[in-house]
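Student: I have a structure I would like to understand better, so I am pasting it below and will then ask my questions one at a time.
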Amino acid sequence: MVSLGQKIRELRIRKGLTQQELGSGIVTISMISQIESDKAYPSHKVLEQIASRLETPIEYFVADMQTQMEQSSIYKLAKAYLAAQNYDMAIPLFRDLISTPAPHLPVHEVQYDLADAFLMSEEVEKAVELFEQVLDTVVRKNDNHFTLLCLNKLGEARYSQENYPLALYHWRKAYETFSRVKEIDPFTRARIISNLAHAHFQLGEFEDAIRFYQESYNLLRGSTNLRQLAEVYLRLGISYQKMREWSRAVDYCHDALTIYESLQNIKQAIDVKANFALVEAEQGRTDDAITLLHECLSEYRRQEIPVDSAMIHREIVMLYVRAGRLQEAEAFCQESLFLMAEQPEHQAQIYHALSAVKREQGEIPAAIEWLKRALNTFQERNQLRETRLAYQELANLYEHLGDYVMANDTLRQMNAILDTSLRRIGILV
Numbered sequence: 001m002v003s004l005g006q007k008i009r010e011l012r013i014r015k016g017l018t019q020q021e022l023g024s025g026i027v028t029i030s031m032i033s034q035i036e037s038d039k040a041y042p043s044h045k046v047l048e049q050i051a052s053r054l055e056t057p058i059e060y061f062v063a064d065m066q067t068q069m070e071q072s073s074i075y076k077l078a079k080a081y082l083a084a085q086n087y088d089m090a091i092p093l094f095r096d097l098i099s100t101p102a103p104h105l106p107v108h109e110v111q112y113d114l115a116d117a118f119l120m121s122e123e124v125e126k127a128v129e130l131f132e133q134v135l136d137t138v139v140r141k142n143d144n145h146f147t148l149l150c151l152n153k154l155g156e157a158r159y160s161q162e163n164y165p166l167a168l169y170h171w172r173k174a175y176e177t178f179s180r181v182k183e184i185d186p187f188t189r190a191r192i193i194s195n196l197a198h199a200h201f202q203l204g205e206f207e208d209a210i211r212f213y214q215e216s217y218n219l220l221r222g223s224t225n226l227r228q229l230a231e232v233y234l235r236l237g238i239s240y241q242k243m244r245e246w247s248r249a250v251d252y253c254h255d256a257l258t259i260y261e262s263l264q265n266i267k268q269a270i271d272v273k274a275n276f277a278l279v280e281a282e283q284g285r286t287d288d289a290i291t292l293l294h295e296c297l298s299e300y301r302r303q304e305i306p307v308d309s310a311m312i313h314r315e316i317v318m319l320y321v322r323a324g325r326l327q328e329a330e331a332f333c334q335e336s337l338f339l340m341a342e343q344p345e346h347q348a349q350i351y352h353a354l355s356a357v358k359r360e361q362g363e364i365p366a367a368i369e370w371l372k373r374a375l376n377t378f379q380e381r382n383q384l385r386e387t388r389l390a391y392q393e394l395a396n397l398y399e400h401l402g403d404y405v406m407a408n409d410t411l412r413q414m415n416a417i418l419d420t421s422l423r424r425i426g427i428l429v
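Taking full-length UniProt numbering, the leading residue of the sequence shown gets 1, the next gets one more, and so forth.
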């Protein structure tokens, strides 16, 4: 289908008119340019004058103009649904626009939005397939800005699947694309660099993570984007914690906390407080850390903030174990399991923690049974890291009992399951 702008341009050239001659006394040359590139729509009066100058009945243009306006309205509505996180409404609209393409709406841009909707609604493989199609298109067009955006989204998709090596690959390619993009705002650049740091962090490459977080911080320093800056502070604090550089970890966590509190972002402030508690624990102040984490849980409940609290519950249990307070650890596990009765994926973390409690109490058979319950959930949800750690601990428990046959069988099972999972997500071939 030929667009309204294309029809006007073709007729103008056929008549031997310049854009200035066509628009003279009607609209500016800039407006004619925008109309011909389908970036602007003329009013009925303006279109009537253009049609007259081109010696063409206005009916030749009106139908196309109406169709394009309708499609533009649908696209704006779909984008609004996407922004409002109403993906069930956005996805069908984007699909309809793709199935009936319009020249003034580049298909690859609509595909990109549809892929984003799939990603946000956790249909990751559909998102990846579409982002890769868009990437092929924009690379052929030498559209480096859109290439950058696609690479970043592909990284986010793979990161959500915990496929950190592939996420790192895409974000590195995005980082290498910076030099070919003429204009890129510092916040987008900082976000991609932060994502690159996230991938290094997940792979245990903390020095690289710190280097990229620092680069992101340098871009954001002095900006008004305080939320993004606070996130970088927090990530730097966690990275330095992993590097056992406690002083820097505390400093960055304090800076992040100050910003989050100034933004009245209660959840993020509590998250930072929880991370600060873990720093306290690493420095031997276990009782203080337990108290802080309990305070965090109370604040989440008091503020009615939805949060994945399984990690904090598990950390409290392990701190009780470290402090030798085993009865309190077991009681807290039972309390946690009751609170998470409707959340089996969260209960699995507590089963894992309860296994550690039983091991410390010398009840190895009970520890094995709790660990097996955790393993079942980890495998069902394809949580590779948790699955690997649980299998290793299970093998150690069998060794503790002197059952070396079961220990070896457990390790073989672990390798087989991890190999299958890694092949499925494309890390192994």
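Every residue gets a Cβ at the ideal spot worked out from N, C-alpha and C, and that includes glycine.
#1: Quick one: give me the first and last residue of the alpha helix (DSSP H) that residue 511 is part of.
#2: Between which two residues does the alpha helix (DSSP H) holding Lys39 run?
#3: Output needed for Gln214: all residues of its chain with C-beta closer than 8 angstroms, excluding positions within five of it in sequence on either side, in chain order.
#4: In whole angstroms, give me the CA-to-CA distance for Glu59 and Gln268.
#5: With three or more C-beta pairs closer than 8 angstroms as the rule, is the region 217-228 touching the region 171-185?
#6: Between Ala407, Met406, Glu386, Ala395, which lies nearest to Leu418 when the distance is taken from Cα to Cα?
#7: Given Gln133, which residues of its chain have a CB within under 7 angstroms of its CB, disregarding the five upstream and five downstream residues?
#8: Out of curiosity, what's the CA-to-CA distance linking Gln19 and Ile29?
#9: Whole angstroms is fine: what's the gap from Phe201's alpha carbon to Ala209's?
#10: Check for me: the alpha helix (DSSP H) holding Val107 runs from which residue to which?
#11: Ignoring anything shorter than 4 residues, give me the alpha helix (DSSP H) runs that lie fully in the region 367-407, in order along the chain.
#12: Any idea what DSSP makes of Val429, helix, strand or coil?
#13: Which same chain residues, not among the five before or five after Asn152, have their C-beta less than 6 angstroms away from its C-beta?
#14: Could you tell me the distance, in whole angstroms, from the CA atom of Asp113 to the CA atom of Ala83?
#15: Where do the ends of the alpha helix (DSSP H) carrying Gly324 lie?
#16: Specify whether the region 282-289 and the region 308-325 touch according to this definition: at least 3 beta carbon pairs, one from each stretch, less than 8 angstroms apart.
#17: Pull up the distance between the alpha-carbon of Ala157 and that of Ser355, whole angstroms please.
#18: To test your reading of the DSSP string, which unbroken alpha helix (DSSP H) runs of 4 or more residues are found completely within the UniProt repeat "TPR" (230-263)?
#19: If you compare alpha carbons, which of Tyr252, Ser247, Tyr240 is closest to Leu229?
#20: Measuring straight from C-alpha to C-alpha, what distance separates Gln361 and Cys296?
#21: Rounded to the nearest angstrom, what separates Cys333 and Ser179 at their Cα positions?
Tutor: Quick answer:
#1: What is shown of the chain runs 1 to 429, which leaves residue 511 out entirely.
#2: Per DSSP, Lys39 belongs to no alpha helix (DSSP H) and is neither H nor E.
#3: Correct list, in chain order: Leu236.
#4: Rounded to the nearest angstrom, the two C-alpha atoms are 58 angstroms apart.
#5: Output reads no: the region 217-228 does not touch the region 171-185.
#6: Its Cα nearest to that of Leu418, the residue Glu386 stands out among Ala407, Met406, Glu386, Ala395.
#7: In its chain, beyond the 5 residues on either side, Gln111 have a beta carbon closer than 7 angstroms to the beta carbon of Gln133.
#8: Pairing Gln19 with Ile29, the inter-Cα distance amounts to about 6 angstroms.
#9: For Phe201 and Ala209, the distance between alpha carbons rounds to 5 angstroms.
#10: Note, Val107: alpha helix (DSSP H), 107-120.
#11: Secondary structure within the region 367-407: the alpha helix (DSSP H) runs of 4 or more consecutive residues, fully enclosed, are 384-400 (chain order).
#12: Annotation note: pLDDT 43 at Val429 (below 50); position unreliable, coordinate value reported separately. Collapsing the DSSP output to three states places Val429 in coil.
#13: Around Asn152: Ala174, Ile192.
#14: Their backbone Cα atoms lie some 10 angstroms apart in a straight line.
#15: Taken as a continuous stretch (DSSP letters only), Gly324 belongs to no alpha helix (DSSP H), as it is neither H nor E.
#16: Contact holds: three or more Cβ-Cβ distances are below 8 angstroms.
#17: Near 33 angstroms, if we compare the C-alpha coordinates of Ser355 and Ala157.
#18: The UniProt repeat "TPR" (230-263) is shown to contain whole alpha helix (DSSP H) runs of 4 or more residues at 246-262, in chain order.
#19: Distance from the Cα of Leu229 is smallest, within the candidate group Tyr252, Ser247, Tyr240, for Tyr252.
#20: Each residue's alpha carbon lies about 28 angstroms from the other.
#21: Cys333 and Ser179 have their C-alpha atoms roughly 52 angstroms apart.
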